[in-house]
Structure formats: C-alpha cells, structure tokens
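Chains as they are written, first to last, in my numbering: chain P, 1 to 565; chain G, 1 to 374. Glycine included, every Cβ here is placed at the ideal spot set by N, Cα and C. Keep in mind the model is a prediction, meaning the values are calculated, not measured.
Here's what the structure looks like:
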C-alpha cells in the first residue's frame with residue numbers, strides 16, 4: 001500500500017526495497033552480507049543524561065536509511081559517534097564488517113563517512129567552487145575545482161553554478177553546495193541531519209530524488225535523520241526509530257505507515273492537527289473530507305476532530321491591528337528586501353504568510369522587531385503610525401515577536417532566564433532606577449509555571465535551556481507584555497512534536513484572546529494548520545491572499561513560485 | 001532547585017556539555033597549579049634576564065619587594081600607583097560591558113590631566129573648590145576625547161579600537177604642544193631660570209589631601225575616590241536598570257535594540273563614561289602625585305589600567321585586588337630601576353609578571369572553547 005498519493009506523483013518514486021537483493025543490483029549481494037555501517041550496543045552518557053543506551057543500527061549499502069525520533073531522542077549523538085565527534089562509553093562500530101575505531105572527523109572521512117549538518121558551514125563571501133575545495137591541501141586548481149563541481153552536479157542532479165557567490169544562493173542551493181562538498185570525496189556513507197527543515201516542498205522533493213540517485217548509482221548508503229514522518233515514509237527504504245536514547249523499532253518503510261511511525265516515535269497518540277502539521281501530511285490538511293484510504297486520512301482517524309483546535313475557516317472580523325502599507329526597504333549595500341509589501345492583520349485572527357525562504361520574511365520580522373528602517377511606506381499599529389527602526393518603537397506600540405532566530409534578537413543567551421523574561425519590560429520590576437530582584441524572581445516564577453518552562457531555576461543562564469524551552473521563554477515574555485499584535489516567525493522550526501503542539505495551542509489561544517497574530521512560515525503545513533487567512537509573500541511583496549477555506553495548494557504553489565494566479 | 005518549577009512532561013533540561021558536577025573540581029585543582037607554574041616561569045625568565053645584564057637577580061627581587069611591600073611607605077606607594085589604574089580599569093569595564101572595546105585610555109588620561117591642569121592653574125578661588133573643579137574638568141576632558149571616537153563610530157562606522165588607539169598619538173602630540181607653548185601650559189619664566197617643557201607646579205592648595213607622613217604609611221585620597229567609584233559602578237552594572245541595559249547591549253545588540261536600548265545613547269554613553277574615568281585617573285595623578293604636566297606624564301597607566309580590566313574579566317570589584325597587584329608591580333619596578341637595573345629590563349620584568357597573571361585565564365578560556373567546540 002502506498003502511504004499517500006503524494007508518494008506516487010510528487011515526492012520520489014519510492015522503489016520497492018525488496019528486489020534490491022536481487023540481480024538487478026549487481027553490488028547488492030556482496031554488500032548485503034556485510035552492512036556498510038553497523039553500530040552495536042552503543043551507550044553514551046553526559047553526566048546524568050543518558051543520550052544513547054544499547055543502540056544498534058545496521059545500514060546496508062544501496063539503501064536510504066531513516067533515523068526517526070523527536071529532538072533529544074539521541075539521533076544526533078549517535079551520528080556524532082559515527083563521525084568521531086563523540087566517543088561512546090560502550091559499544092562497537094563495524095564498517096563493512098571490520099571493527100573500526102573512529103576517534104575524530106578526519107578518521108571518519110578516511111572511512112568514507114561524511115555528513116551534511118543542519119546548519120551549513122559555508123563561507124558566504126566565497127564562490128561555490130572555493131567553498132567546495134576549502135580545506136584542501138596543496139595548490140588551488142580553479143579549473144579542476146569548477147569541473148569537479150559541474151561533474152558531481154551532473155552525476156547526481158545537483159546542478160549549481162560553480163562561480164556563483166554563496167551569499168547570492170537560495171537556501172536550497174546552499175544545501176546543494178554542502179552535498180556536493182560531501183559527494184566529491186566519494187563517501188560510502190552520506191548522513192543528512194534534518195535536511196528539509198530549511199527547504200520548500202519542491203526543494204525537498206528534488207533533494208530526495210538526488211539521494212535516490214546517490215544510493216542507486218553508486219551502491220552507497222544514505223542515513224537520513226528526521227522527525228518528519230512524511231519524508232521518512234516517502235524517501236527511505238528502512239527506518240530505525242529512536243525514543244529517549246533507545247531504539248524502539250526497526251521497520252521496512254514499505255511495511256509501515258505514518259500513523260504507526262508517529263505512535264512509535266512519540267509513544268502516544270497525537271491530536272490530528274498537530275500530527276498532520278508536524279509530519280507535513282498536507283493532503284490531510286487540504287481535503288479532510290475525501291475518503292481516500294491514504295496515510296493522511298488514516299491519521300485523521302487517530303482522534304475525533306472535535307478534540308483538535310481546528311481553526312474556524314471564517315476569519316473573525318475584528319478591527320485592523322497591524323497595517324503595513326507599501327513598505328520598501330533595502331540592505332546597506334542597496335539590495336532590496338521589501339518591495340511594496342502591504343498587509344493587514346485583524347484582531348483575533350491568525351494570518352499565515354506563506355512563501356519560499358528568502359523572499360522577505362526575515363526582513364518583515366526585522367521590521368516588526370524595530371531592526372529595519374523603511375525607505376518608503378508606513379507601519380500602523382491600531383491606527384497609530386510607528387517609526388520603523390527606532391529602538392524599541394515596535395515593542396512600545398504593542399508588537400510582540402517570536403523571532404525566526406531567537407538567538408539573534410529574541411533572547412540574550414548569557415543572561416539568566418529571569419532576566420530574559422523582563423528584557424523589554426524593565427519598568428515593571430524597577431523602582432527609582434534600581435531593579436528589584438524580588439519582583440523579577442516572582443515574575444519569573446509565575447511565567448515559568450504558566451508557560452511550563454523547564455528550567456532548574458530562574459537564575460539558570462538562558463544558554464543552558466533546550467531550544468524548545470528557550471522558545472517558551474521568548475513566547476512567555478512577549479505574551480506577558482499583553483501585545484496588540486503577535487508575530488511568530490518560523491515558530492516551530494527545529495522543535496520536536498511536543499513543543500510544536502505546545503506552540504500551536506499557544507498561538508490559537510493568543511488569537512482567541514483577541515490578539516492579531518501574524519505567522520511567518522515556510523512550512524505550508526504549519527500555515528494551513530494554524531491560519532484563518534493565508535497570504536503569500538514573494539520577492540518582498542504580498543502577491544496573493546485568500547481565506548483558509550478557499551485555499552488550494554495548486555494556486556498557493558504558483559503564487560509562492562512567483563507566477564500570477 | 002524547586003521541583004514545582006519543572007513541568008512534568010519536560011524532557012531533560014541540561015544540554016549534554018553542561019556537566020555541573022565534575023567540571024569545577026578539576027578546574028579548582030588545575031587553576032592554582034597553573035598560576036604557580038606560570039608565575040615561577042616568569043620569575044625564572046626575569047632572573048635570567050637580570051643576570052644577563054650583569055645584576056644579581058636576588059638583589060633585584062629584594063629591591064622589587066622593598067619598593068612595593070617592605071614598609072608602610074612602600075605599601076602606600078603601591079596603593080597610590082593602584083588608584084589611577086583602578087579608575088582606568090573601571091572605565092574599561094563599563095565600555096567592555098556595553099560591547100565596546102576602548103583601548104585609548106592613555107590618550108583620554110592625558111587630555112583629561114591637561115584640562116585638569118589648566119583649570120587648577122588658571123582658576124582663582126578656594127583650593128578645595130578648584131581641586132573638585134579640576135578633577136571634574138579632567139573627567140570631562142577624557143570624555144570629550146572619547147567622544148571623538150564615539151562620533152566617528154556612530155556617524156561613519158569607524159571601528160572604536162582603531163580610532164581610540166590612534167587618538168592616543170594625537171593626544172600625545174597635542175599635550176606635548178601645550179606644555180611647550182608659553183601661551184598655553186608651559187611654565188612661566190622666572191628671571192634667571194631656564195624653562196623646560198612642563199607646566200608650573202600646582203598650588204599646594206589644589207593638591208589631593210594625603211593621609212600619613214613619610215617615612216610612615218602614607219597614601220593619597222585618590223584610592224578612596226577610586227574605591228567608591230568601583231563599588232558604585234558595580235552596583236549600577238548589576239542592580240540598576242541602566243546597568244541592565246548596558247549589559248544587554250553588550251551581550252546582544254539586536255535584542256537590546258528591539259527592547260528599546262539605543263546603541264548610540266547607551267553604547268556611546270558607555271564609551272564617554274569610559275573616557276571620563278580615564279580622564280579622572282589623569283586628574284588624580286596630576287593632583288595626587290606629579291602636581292605638574294610634562295612629557296611622558298601618562299607613563300603607560302592607561303594601558304596598564306586596560307590590562308587590569310582584562311585580568312579582572314570585566315568585573316569592577318575584582319579589578320580592586322588586580323589594580324593593587326599592578327600598583328605594587330609599578331612601585332617595585334620604579335624602585336628596581338633606581339638600583340641600577342636598566343629601565344628597559346624593568347619594563348620587561350614587569351611585563352613578564354603581567355603575562356604570568358594573564359596566562360592562566362587565557363589558557364582556561366582556550367581550553368573551554370576547545371572542549372565546547374568538540
């Protein structure tokens with residue numbers, strides 16, 4: 001059974017993994033006898049935290065192996081052990097049947113193991129070919145490097161211009177450069193860590209096609225780390241599921257479906273909307289009524305719809321809280337960021353702004369964080385104009401924001417949780433210019449409890465909190481300021497399902513309490529789950545708008561791609 | 001801590017690298033050893049150097065001791081040397097906490113001292129009042145000198161490190177010109193006497209008061225000014241709203257901007273405050289010990305004060321003992337050069353001792369980054 005219709009027409013042509021052992025794959029029989037990577041009984045503790053316990057993993061050449069689990073399940077630690085970044089306390093590593101000790105990344109590279117990290121390590125100012133040969137020894141041969149980039153690109157369908165400057169590339173193209181960097185060394189094992197978290201649907205599909213070529217043409221193995229069920233189902237041959245540092249299941253992908261994977265990954269049932277959003281099962285969101293026996297609708301059966309906070313498809317007609325009209329802005333070196341962006345958000349509604357990464361979402365987030373001045377146009381909050389770019393102006397006007405990268409403008413990592421909870425509202429804990437420790441602590445305790453922030457104490461440095469809890473601190477602070485408008489930029493990026501569920505509920509609650517919510521996201525699933533209205537941003541302007549009930553993905557896709565529809 | 005703070009379904013909080021139980025024990029054992037090792041290395045090298053120029057290392061060591069700690073007068077000398085160092089250091093701490101690296105204290109100190117000298121020499125009035133005016137003037141002078149760097153940075157984006165450093169040379173030339181020009185600060189000609197390039201001696205009524213009499217323990221009032229300001233700065237940085245904003249700006253300028261902290265106002269203000277402290281240090285040196293301006297007046301106090309702040313890791317209260325240590329080094333070094341060891345060797349010896357105190361902290365930082373990076 002196909003897990004979803006998407007698999008057949010769009011994502012990748014999921015090959016049946018079973019004939020792999022047969023004679024159409026000349027390399028397969030010999031490789032099958034000795035898996036290319038075998039981890040046996042791996043254990044690793046960090047102090048009191050057990051990151052991995054008795055984990056075994058078996059990856060065959062010629063397969064895409066999914067490693068599924070929530071954040072903190074131990075996937076990354078396991079891969080760091082394979083890369084020699086972390087030394088395991090117990091267990092053995094076998095590579096092609098031979099015991100191996102991997103003490104550092106260069107040893108891993110010598111064994112043909114190479115990884116594309118979630119965060120790119122590219123030098124923005126250098127060209128693609130320079131980035132690819134960066135770190136090589138000996139003479140730099142430009143022509144050879146360029147040929148190499150083109151050749152690798154041609155072989156795997158990773159077309160990228162070797163002379164382009166990395167800073168001009170889209171996120172998807174940058175990831176291609178990272179993959180080219182790995183593939184040109186002809187590795188036996190290619191590991192990708194959450195590769196689609198920065199990609200659009202289309203780019204993700206292209207990526208999976210590339211990965212399929214890698215394992216098919218070369219007899220290589222790919223390990224795909226992910227917490228998105230849909231892509232595991234679409235892109236992998238076999239999957240190992242981890243939870244809390246242990247392997248809880250191993251499956252042939254063809255024998256499983258999104259629903260059972262979700263249950264094994266989380267260890268409990270999820271509400272349908274969160275689950276659908278988290279795993280990117282778009283069809284479940286678009287056509288909840290159709291009776292197709294797909295993975296998406298199977299998921300819908302998990303719980304009764306009444307249990308889920310489904311958005312009311314009719315946007316509530318509150319007054320306009322945030323109005324941005326004809327906003328123009330550019331970088332200091334005159335590259336345009338916003339080109340006549342116009343939008344309105346009303347009280348009590350969630351407006352989802354969909355778009356491909358790099359089309360002005362970051363600039364819009366900066367604008368609403370007072371970090372970006374406008375060269376033309378205006379911003380009004382509740383009818384009153386706000387000076388863009390003046391320190392603290394947006395906050396003072398009642399615009400709260402959960403920024404895209406909380407480390408940049410959302411929090412101060414080297415201050416305590418309590419301090420981070422009052423950053424912009426110092427006056428509430430100040431008397432005669434002096435801060436009241438007592439009031440600050442009281443406020444922190446109240447917010448920590450209200451927002452379920454897991455922290456050892458209010459005085460813990462922000463840096464020591466997990467990503468999900470840092471996000472909660474930011475959200476708690478912004479909501480505690482009782483904003484008129486709440487902006488959430490990529491609010492669930494990099495979070496696990498539990499945290500996504502939490503964020504989703506909080507945003508709904510904010511809208512219900514009358515706050516105008518603007519959601520900026522590149523994940524269409526998230527937009528469709530949460531929004532009352534959907535707008536599309538392309539090249540720094542809003543190019544289309546529709547009510548949630550009128551959404552069709554075809555038109556959304558065209559708008560996001562910049563074609564008038 | 002309190003279990004109520006932890007929500008029940010929360011996963012483990014601490015990221016793996018935070019390993020609160022084992023780290024401190026290792027570090028506690030290693031740090032004193034490291035200090036001992038680097039100090040003895042410095043002492044051995046210093047001894048070798050002194051032996052190389054034909055002096056007895058042992059005599060040199062005892063001269064260092066005699067000059068800084070041996071008796072009341074020597075200890076007073078060390079404390080007097082520490083006062084301007086502490087003032088400069090507090091200023092450096094303020095700027096550093098706001099994320100600005102001011103390294104032009106030497107120049108700000110000089111300009112401050114010159115302004116102070118002009119006020120002290122040419123303002124009529126009762127001594128204590130003129131003294132206070134001179135000290136305030138010195139602070140304003142230092143702040144204005146730093147304001148040039150602030151203006152260049154916020155108006156044209158010139159890096160503060162570069163502008164403050166280069167302004168030292170401008171300050172040197174300007175002050176040198178002032179003390180060489182009869183129409184400005186050069187001492188007034190007295191019949192039958194040749195004038196040199198220095199100012200007149202300040203009237204005794206505008207000298208900083210001293211406690212105690214030579215040869216017993218005696219110190220100037222400068223150290224008290226410095227201590228009061230150190231405590232005040234510490235309180236402001238840690239406890240006040242202004243201090244919170246300064247720290248926020250230094251730790252994350254973007255988050256600070258969003259929260260309404262203006263970089264120009266708070267950051268520029270911190271740079272000016274830093275200059276004011278350096279200028280005040282110059283004023284204290286002028287009214288406390290030298291009593292006149294001349295070439296070479298600053299005598300590296302600006303740079304040494306910057307080092308004090310670095311060693312104290314930008315903590316005002318930690319700067320107090322560090323400044324006292326550096327003050328003792330300066331006092332001992334001065335005494336050592338009086339025993340016939342060449343001045344440049346004295347400078348190298350003090351520099352070695354400074355390096356020895358900075359090294360363990362720097363080494364620990366490098367180690368920390370290495371382990372964090374892995």
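C-alpha distance - residue i paired with residue j, whole-angstrom precision
i: residue 124 of chain P; j: residue 331 of chain P; result: 16 Å
i: residue 70 of chain P; j: residue 46 of chain P; result: 18 Å
i: residue 341 of chain P; j: residue 266 of chain P; result: 40 Å
i: residue 122 of chain G; j: residue 283 of chain G; result: 15 Å
i: residue 465 of chain P; j: residue 454 of chain P; result: 8 Å
i: residue 524 of chain P; j: residue 550 of chain P; result: 15 Å
i: residue 491 of chain P; j: residue 560 of chain P; result: 20 Å
i: residue 547 of chain P; j: residue 51 of chain P; result: 44 Å
i: residue 231 of chain G; j: residue 338 of chain G; result: 35 Å
i: residue 481 of chain P; j: residue 58 of chain P; result: 51 Å
i: residue 275 of chain G; j: residue 68 of chain P; result: 57 Å
i: residue 418 of chain P; j: residue 396 of chain P; result: 21 Å
Any C-beta of chain P under 8 Å from that of residue i
i: residue 99 of chain G; result: no
i: residue 255 of chain G; result: yes
i: residue 240 of chain G; result: yes
i: residue 64 of chain G; result: no
i: residue 409 of chain G; result: Residue 409 of chain G is absent from the structure shown; chain G starts at 1 and stops at 374.
i: residue 368 of chain G; result: no
i: residue 297 of chain G; result: no
i: residue 244 of chain G; result: yes
i: residue 21 of chain G; result: Residue confidence for residue 21 of chain G is low, a pLDDT of 43 falling below 50, so the modelled location carries little weight and cannot support an answer.
i: residue 268 of chain G; result: no
Bounding residues of the beta strand (DSSP E) (the contiguous stretch that carries residue i)
i: residue 46 of chain P; result: 37 to 46
i: residue 67 of chain P; result: 64 to 68
i: residue 242 of chain P; result: 238 to 243
i: residue 52 of chain P; result: 49 to 59
i: residue 538 of chain P; result: 533 to 538
With 16 other Cβ atoms within 10 Å as the buried cut-off, status of residue i
i: residue 366 of chain G; result: exposed
i: residue 55 of chain P; result: buried
i: residue 368 of chain G; result: exposed
i: residue 119 of chain P; result: exposed
i: residue 231 of chain P; result: buried
i: residue 201 of chain G; result: exposed
i: residue 344 of chain G; result: exposed
i: residue 48 of chain G; result: exposed
i: residue 98 of chain P; result: exposed
Minimum Cβ-Cβ distance from residue i to chain G less than 8 Å
i: residue 338 of chain P; result: no
i: residue 307 of chain P; result: Its pLDDT being 36, under 50, residue 307 of chain P is placed unreliably in this model, and the coordinates cannot settle the point.
i: residue 255 of chain P; result: no
i: residue 302 of chain P; result: Its pLDDT being 35, under 50, residue 302 of chain P is placed unreliably in this model, and the value from its coordinates should be taken loosely. Not an interface residue.
i: residue 426 of chain P; result: yes
i: residue 434 of chain P; result: yes
i: residue 411 of chain P; result: yes
i: residue 414 of chain P; result: yes
i: residue 166 of chain P; result: no
i: residue 430 of chain P; result: yes
i: residue 226 of chain P; result: no
Limits of the alpha helix (DSSP H) - the one that residue i falls within
i: residue 329 of chain P; result: First-last for residue 329 of chain P: 320 to 330, but that is the beta strand (DSSP E), not the alpha helix (DSSP H).
i: residue 167 of chain G; result: 160 to 180
i: residue 64 of chain G; result: 57 to 68
i: residue 544 of chain P; result: Premise fails: residue 544 of chain P lies in the beta strand (DSSP E), 541 to 547, not in any alpha helix (DSSP H).
i: residue 273 of chain G; result: 268 to 285
i: residue 487 of chain P; result: No alpha helix (DSSP H) contains residue 487 of chain P, which is instead part of the beta strand (DSSP E) from 485 to 489.
i: residue 263 of chain P; result: 258 to 266
Quiz item: Are the stretch 64 to 83 of chain G and the stretch 240 to 254 of chain G in contact at 8 Å, needing three or more beta carbon pairs?
Solution: Because the criterion of three Cβ pairs below 8 Å is not met, the stretch 64 to 83 of chain G and the stretch 240 to 254 of chain G do not touch.
Quiz item: So, do the stretch 161 to 169 of chain G and the stretch 255 to 266 of chain G have three or more beta carbon pairs nearer to each other than 8 Å?
Solution: no
Quiz item: Just checking, does the stretch 87 to 95 of chain P make contact with the stretch 214 to 223 of chain P on the three C-beta pairs under 8 Å criterion?
Solution: no
Self-check item: At least 3 beta-carbon pairs within less than 8 Å: the stretch 490 to 510 of chain P vs the stretch 438 to 445 of chain P
Solution: no
Quiz item: Should the stretch 298 to 310 of chain G be regarded as contacting the stretch 130 to 146 of chain G, the criterion being three or more beta carbon pairs within less than 8 Å?
Solution: no
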